[in-house]
DNA sequence: TACTATTGTGTAATAATGACACAATAGGAT
DNA sequence: ATCCTATTGTGTCATTATTACACAATAGTA
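The structure is reproduced here in structure tokens:
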């Protein structure tokens, strides 16, 4: 295994959020033969930007390209670099012992959060350290490697804040969705109940969703209207941000 | 010059904002014998976090400790690493040519913005590359090294956004200040005029400033009330953020 | 004492928000 | 068919926040 084409000391970690069954999920890797989980991550090639490196991580794990990503924090605590899990992987013959030299370095990790439509990820792929790649509920996290729990917490805080400045639905929901589904997403992320009618009014006032004139049938109650995002207006709003009042 | 105690590939750059004469200023360094300016920056020692490294940069340039700092972005474009300015400094005998090896590396730079009370910075100190350290108006930036102009722009955008989520006055204004002064600060950062009376109402409703019962005398008009921040409430609001409405 | 410049204070019209009630309807039960 | 259930679509009213103003107060100066 050759690490010489990577930028030293720097890594990238991705917190991939998905929304399923009214829960926020994170894509996680289970280390081979260990009861320890990790975030999808990687290193930066010498001629790559970190964004491109994160794109590659996302592509490799989810199979999808062009996933929405947002750099949110860099983790630089010198104590965050530990190698006990690598040493265990080596003693389990998962890794060759000559990789230890690379991992013994201190790493500063650039955190990205990514938003992806849950159902689009058909086959999450583990990497060379892991035996499983799967969705885990944000509120049922298993034991995590290094500071990955802190990274997830911070990603979530940032996602929460970002929700007040820009829309996120287009990345987390399928192309067509109903108002109750959109509301469930917001309630899940914000962790609070929102009045149905006030939510609708607010969302519609943003002018970023369009009534498709379809209805979502199949439930034994009034069928909700199916909406889709107005991509033009959505991206316009995303770029400008909400100018939520101060003055 | 020995760089062996620094983390490879990673640097720190600080955008230090100050407020003076109704203008937002940035602390800049002028490279020795060159007509080129740079942000205060540095490297991370092997046992330091980036935050501590930024603290040191801020201390070394301003003489002040405990300056408010906020990590805002990491700059990772592989094209951002250039050495032409270093080579010029070497050919001008400012630097020894054996430093070139270190600077030839690609650097990923962690951007911090810092807020400081302008008048507290008595004697800005240049570093080993520079002959001057001084305040420069944000809208009159000289020619800057590398991608430092982009770094400043992004810092400013972030400061702008942050203003909608948390108060900033305590870091940029002197301990005692008047309502018109606070308003001028907001108008400068947001680059828009705010109605005097509405501004006052909004600020007072946050409950983070206290009437000192003093007046600022000396001008031939009605003397404005002198306020100070209620540090307890200020930091409480800072921590929680404004929960500016969405729902 | 009057004048100037600017500050402190108040108020009315408009818009946004929060807290509700009721009609509409898809699917299933009778 | 008709009724029932669960849930959605729509509307309304009281309250609060915002916008756009007018006028009185006052420190210094003429």
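Chains as they are written, first to last, in the UniProt record's numbering: chain A, 1 to 247; chain B, 1 to 247. By construction, the Cβ of each residue, glycine as well, lies at the ideal position given by its N, Cα and C atoms. On a predicted model such as this, the values are computed, not experimentally measured, just so you know.
- At a cut-off of 9 Å between beta carbons, residue 49 of chain A contacts chain B.
- Among the bridge pairs identified by DSSP, residue 13 of chain A is matched with A:41 and A:111.
- Our two residues, residue 120 of chain A and residue 24 of chain A, have alpha carbons roughly 15 Å apart in a direct line.
- For the region 148-170 of chain A, the set of positions with a beta-carbon nearer than 9 Å to some beta-carbon of chain B reads 161, 163, 164 and 165 in chain order.
- Residue 231 of chain A carries a helical assignment under DSSP once its states are collapsed to helix, strand and coil.
- The three-state reading of DSSP puts residue 78 of chain B in helix, counting H, G and I together.
- Here residue 157 of chain B is exposed, its C-beta having fewer than 16 other C-beta atoms within 10 Å.
- For residue 211 of chain A, the closest of A:200, A:146 and A:103 by C-alpha to C-alpha distance is A:200.
- DSSP, reduced to helix, strand and coil, places residue 121 of chain B outside both helices and strands of the structure shown, so it counts as coil.
- A buried status is given to residue 114 of chain B, since no fewer than 16 other beta-carbon atoms sit within 10 Å of its beta-carbon.
- Apart from sequence neighbours up to five positions away, the residues of its chain that approach residue 187 of chain B with a beta-carbon distance below 7 Å are 193 and 194, ordered along the chain.
- Counting of Cβ neighbours within 10 angstroms places residue 3 of chain A among the exposed residues, the total staying below 16.
- Sequence-distant partners of residue 83 of chain A (beyond 5 residues in either direction) whose C-beta falls short of 8 Å from its own C-beta, in its chain, are 100, 103 and 104.
- Under the three-state reduction of DSSP, residue 103 of chain B is assigned to helix.
- In this structure, residue 74 of chain B lies near residue 71 of chain A, with their beta-carbon atoms less than 9 Å apart.
- Nearest neighbour of residue 28 of chain B by Cα position, chosen from B:131, B:21, B:107 and B:98, turns out to be B:131.
- Under the 9 Å criterion on CB atoms, residue 78 of chain A is classed as interfacial with respect to chain B.
- For residue 179 of chain B, there is no enclosing beta strand (DSSP E); the residue is part of the alpha helix (DSSP H) that begins and ends at 179-190.
- Put simply, the CB of residue 180 of chain B is far from chain A, with every gap to its CB atoms at 9 Å or more.
- According to the DSSP assignment, residue 51 of chain B belongs to no beta strand (DSSP E) but to the alpha helix (DSSP H) extending over 50-62.
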